[in-house]
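Reviewing the structure listed below.
Chains as they are written, first to last, in the UniProt record's numbering: chain A, 1 to 415; chain B, 1 to 415.
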């Protein structure tokens, strides 16, 4: 049995020293880790070769092998990521509000690290350095559990990071990797609430569901996206076509891609043929209801299942509706609470859509593809939360912090 | 088998209409519910008599029976609580920040309801009206699961609230009570993550642990308090004695009462006899380490277990330390992350204590008893969170909200 308690105890022991590091020290350490990753890239690449060979021998598809592959350039990009994180403002220590109570107590809310963060993720080994950088910048200790496919690469990257931290006089246990890849260890990792303050799963729907169902640690759920675009009766057709084309085809495998269209029935006859012609440029299949099919012969018939699908492919569904009410209720029923957009020229409908759609990000006249920590100006992203507690939508550094109340008194007692 | 799915579906169905209610409508409904509770107090009291009889017949202690007991006055207090909630500012709809991105997108963060909130709680039936009021004011639908002891009282209160809501034209399902009191139903309630956005347990350590271990719904943990007061070398003794006396004895059964003292060893000889004399006024037993015992003969010997105890009784532990370093590490090791205080005249130590103690509320020169939503000026409290996600410390109305990003564009697509 892999000793998870020992890992938990080491993380707790490192927590006190990491929590109170000043921003300057943290940035220097991030820079030192970045240099070390580049200096020792040969060592990391050698480990990666083992993962790649193992993957090919077990018949992994080349697309997935590519996700696993490291190169000099990719290691340099990893290092640059850390340098960029070093350049971001440190959210730790900010006092968000401080007010005097009638009894003279001065009560403020101070931004502090979460403590120990657990991250459980799948293939890409670059997540290893990235997750470390974001957690470390915010004064947190991190315990990582990567996928078994990338185990050798992850071990090598974590070794380099730990040694670089030690060389700058900091606790190496600011980052630990769970090296055992069996299922019981993964299950045990999700039950370490005596050591870990927050668990963040990054990966496919199956991984996220397993974590949500089994963890006793508070989880930040990062999720799937069945993102809708509603083309209202008053939409500018050119704008609608450009936005749908962008949201569907600019990158198909991402959670903020558009998967579902909702079309006002009064414009279906005119709009659907234009849409079909535009999406034909990328051979996108449109699956629609009866009215959508009647408006455009290339539309194939959608089943009930299509309304809830996250295709991650060159397929999109199209549902016609009688107006804003039906659009809102349809979207709130089938969406995954990620990103939803309306294309309209109508003021009242734009406001109703913003108010009544239940999702992390709601757009008027823009592509859903903008739901992203970098696009939102956070300078970094640890994931996109589709849950409602703590953080919702793209999560930057602030999502990795909590607050504590600090209270200045001069002898106050409660009457 | 009790039909939890039906309850979940009804809650989801009510969610859309409750989420978008204006503040005026919500306040009127709260006032209407308050009047109805008073008008129909006879009905509620009759139901309460059944619970009280059942409790006495099964040998419940009178102290606990009193927690269960309703009177005209207590129902009036319940109604006044709702009127007070009606008078609070509505946090829903506030846009927390809105900034323009280089591409012209205007991105803001809007405060919105969580959706469906589950609350699982023990005896006191007044929690029923209180929890409804806070959830409803913040546009949330609530599903309540009270203790079996109070089932008749809770049914009567919920019936009155539902009928009052209906009479004002609102969805009665804004509040539902799970009337079945068996354990499988409670366990099933904790696994309703397809319907419930957040689950808040209110009650003893056993209930909270069961929820944390078994829920697949995001939980806000409200917790126990092993609160410390550190009397530093430079403490004003008079202030220290007043604060400790207040924090220990003003109300012994609450989570923000002081349970543990940490005393600088250089002042132990002078301070301990004064402390013992002061606490003797309320017959408080002091359990200390060797140095504390040497300083004051009435101190009994503490065991390792005492350092972590939440007594909720006229008992306090006293540990001597060599200074601020040992005080901080002792407290961070044994505390429950609730409320901790330092009594000091030393600037550097006050700042180190505020920075390095890991707790929801950290005090300089004040009683830990102030950790409370009303004392902090929130005007209401749904509980005190001892976890780090979403809300930490006393939770007012804002803790029952989340945010969504609203984005105004004019045709932006991602490059």
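Just so it is clear, CB atoms sit at the ideal spot from N, CA and C, and this is done for glycine as well.
The residue from B:279, B:68, B:190 and B:171 with its alpha-carbon nearest to that of residue 128 of chain B is B:68. Residue 266 of chain B: member of the alpha helix (DSSP H) spanning 265 to 280, first to last residue.
Sorting B:254, B:210, B:216 and B:202 by C-alpha distance to the C-alpha of residue 225 of chain B places B:254 at the top.
By the criterion of a C-beta distance shorter than 6 Å, residue 199 of chain B is surrounded in its chain by 118, 215, 217 and 219, once the five residues flanking it on both sides are discounted. Measuring C-alpha to C-alpha distances from residue 88 of chain A to each of A:377, A:352 and A:112 identifies A:377 as the nearest. Rounded to the nearest whole angstrom, the C-alpha separation of residue 275 of chain A and residue 259 of chain A is 14 Å. Between the alpha carbons of residue 156 of chain B and residue 48 of chain B lies a gap of roughly 8 Å. For the 7 Å CB-CB criterion, residue 343 of chain A and residue 261 of chain A do not form a contact. Cβ neighbours of residue 361 of chain B within its own chain (closer than 6 Å, five residues either side excluded): 339, 371 and 393. Contact between residue 408 of chain B and residue 364 of chain A holds: CB atoms are separated by about 5 Å, below the 8 Å threshold. Assignment of beta-bridge partners to residue 9 of chain A by DSSP yields no partner. In the DSSP assignment, residue 49 of chain B falls outside any beta strand (DSSP E) and within the unbroken alpha helix (DSSP H) covering 41 to 57.
In chain A, no part has a C-beta under 7 Å from the C-beta of residue 349 of chain B; the shortest such distance is about 14 Å. DSSP links residue 176 of chain B through a beta bridge to B:143.
Contact residues of the segment 377 to 410 of chain B toward chain A are 377, 387, 388, 389, 390, 392, 393, 402, 403, 404, 405, 406, 407, 408, 409 and 410 (C-beta to C-beta distance below 7 Å). Counted as a single uninterrupted DSSP element, the alpha helix (DSSP H) harbouring residue 154 of chain B occupies residues 151 to 167. Under the three-state reduction of DSSP output, residue 136 of chain B falls in the helix class.
For a Cβ distance threshold of 9 Å, residue set 110, 404, 406, 407 and 408 of chain B lies close to residue 354 of chain A, ordered along the chain.
Annotated three-state conformation of residue 291 of chain A is helix, per DSSP. When C-alpha distances from residue 77 of chain A are compared across A:34, A:405 and A:61, the shortest belongs to A:34.
Between the alpha carbons of residue 27 of chain B and residue 288 of chain B lies a gap of roughly 52 Å. Residue environment for residue 154 of chain A: buried (at least 16 other C-beta atoms within 10 angstroms of its C-beta). Apart from the 5 residues on each side of it in sequence, residue 82 of chain A sits with its Cβ closer than 7 Å to the Cβ of 30, 33, 34, 129 and 133 in its chain, given in chain order. Inside the segment 280 to 365 of chain A, DSSP marks whole beta strand (DSSP E) runs of 3 or more residues at positions 285 to 288, 315 to 321 and 339 to 343, from first to last along the chain. At the C-beta level, residue 335 of chain B and residue 314 of chain B stay beyond 7 Å of one another. For residue 385 of chain A and residue 202 of chain A, the gap between their C-alpha atoms comes out near 10 Å. The beta-carbon distance between residue 177 of chain A and residue 147 of chain A, rounded to whole angstroms, is 12 Å. This is too long to meet the 8 Å contact definition.
Residue 189 of chain A: member of the alpha helix (DSSP H) spanning 183 to 189, first to last residue. Checking the DSSP bridge columns, you'll see residue 245 of chain A has no partner listed. Taking C-alpha positions only, residue 163 of chain A is separated from residue 38 of chain A by approximately 14 Å.
Secondary structure at residue 94 of chain B: coil, using DSSP grouped into helix, strand and coil. DSSP, read as helix, strand or coil, puts residue 198 of chain A in strand. Contact check between the segment 2 to 17 of chain B and the segment 102 to 111 of chain B: fewer than three CB pairs, one atom from each, fall below 8 Å, which does not count as touching. Chain A places a beta carbon closer than 7 Å to that of residue 366 of chain B, counting this residue as a contact. For the 7 Å CB-CB criterion, residue 356 of chain B and residue 20 of chain A form a contact. Pairing residue 121 of chain A with residue 62 of chain A, the inter-Cα distance amounts to about 20 Å.
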